[in-house]
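The structure under discussion appears below in the form of structure tokens.
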Amino acid sequence: KQLRLVKTYGDDDDGNELQPLFWEMGCAWEAAVGKALAYRYSGSGKPEPRQLDGVWCSPDWYRPNSRTLDEIKLTWTKDKGLDSPKIQTYLYQLKAYMHVWKVTRGCLHVGYVRGNYADRPVSFHQYIVRCTAMETREHWEDLLSHGRAVGILPAIGG
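Dropping the structure here:
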């Protein structure tokens, strides 16, 4: 398992005057999907952030009746489905949240603004993630180990 850090927002677009617009479009997408989830699943909503092992986690939505965490993303990358490195980073994030919330089901909602660049200008997907508690714990431990190795988390006992 090779772990890597993803760039922060704006790394690819330094100096791009449209960056604030992209950010707002992402927020609007999250709000629209959240509104649809709230309409469809009573009792669901944006959970309060939680901290575990020095890492803050803030998933986009939680459905308590099905114990499902939802992460909502809007991207301008080409729709390559699960083969996309960007989608893999989103899934990595979701699985970490699943450990912190002690759930075994997650849902990643992705809107692709550019679709597949050819016959599909816009596309939307939901990826359902199911993991055992052991799998999410191992994933979390990998995340912590990587964070310590690259110096963004303190060493154990440090």
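In the numbering used here, each residue carries its 1-based index in the sequence shown increased by 342.
Just so it is clear, CB atoms sit at the ideal spot from N, CA and C, and this is done for glycine as well.
Presumed contact (8 Å Cβ cut-off) between residue i and residue j, rounded CB distance
| i | j | result |
| --- | --- | --- |
| Glu413 | Asp402 | 5 Å |
| Ser386 | Arg409 | Incorrect: roughly 11 Å between the Cβ atoms, too far for contact. |
| Leu495 | Val471 | Contact flag wrong, Cβ pair sits at about 24 Å. |
| Leu411 | Leu436 | 7 Å |
Residue i, DSSP secondary structure in three states
| i | result |
| --- | --- |
| Leu485 | helix |
| Lys444 | coil |
| Val375 | helix |
| Ile498 | coil |
| Gly387 | strand |
| Tyr381 | helix |
| Leu360 | coil |
| Thr474 | coil |
| Pro427 | helix |
| Ala460 | coil |
Span separating the alpha-carbon of residue i from that of residue j
| i | j | result |
| --- | --- | --- |
| Trp371 | Arg479 | 30 Å |
| Ile498 | Gly396 | 11 Å |
| Phe466 | His488 | 31 Å |
| Pro463 | Gly423 | 15 Å |
| Thr446 | Arg382 | 21 Å |
| Gln468 | Cys449 | 6 Å |
| Gly352 | Trp365 | Because Gly352 carries a pLDDT of 49, less than 50, the predicted location of this residue cannot be relied on, and the following value inherits that uncertainty. Spanning the two alpha carbons is a distance of roughly 9 Å. |
| Trp398 | Gly457 | 32 Å |
| Gln430 | Tyr459 | 20 Å |
| Leu486 | Glu477 | 14 Å |
| Ala491 | Ser400 | 23 Å |
| Ala380 | Ala373 | 10 Å |
In DSSP terms, what residue i is bridged to
| i | result |
| --- | --- |
| Lys415 | Val452 |
| Trp403 | Asp412 |
| Gln468 | His451 |
| Asp398 | It should be pointed out that residue 398 corresponds to Trp in this sequence rather than to Asp. According to DSSP, Trp398 bridges with Gln393. |
Is the region 444-454 close to the region 414-421, with three or more CB pairs under 8 Å?
yes
Report yes or no: do the region 466-482 and the region 436-448 share at least 3 C-beta pairs separated by less than 8 Å?
yes
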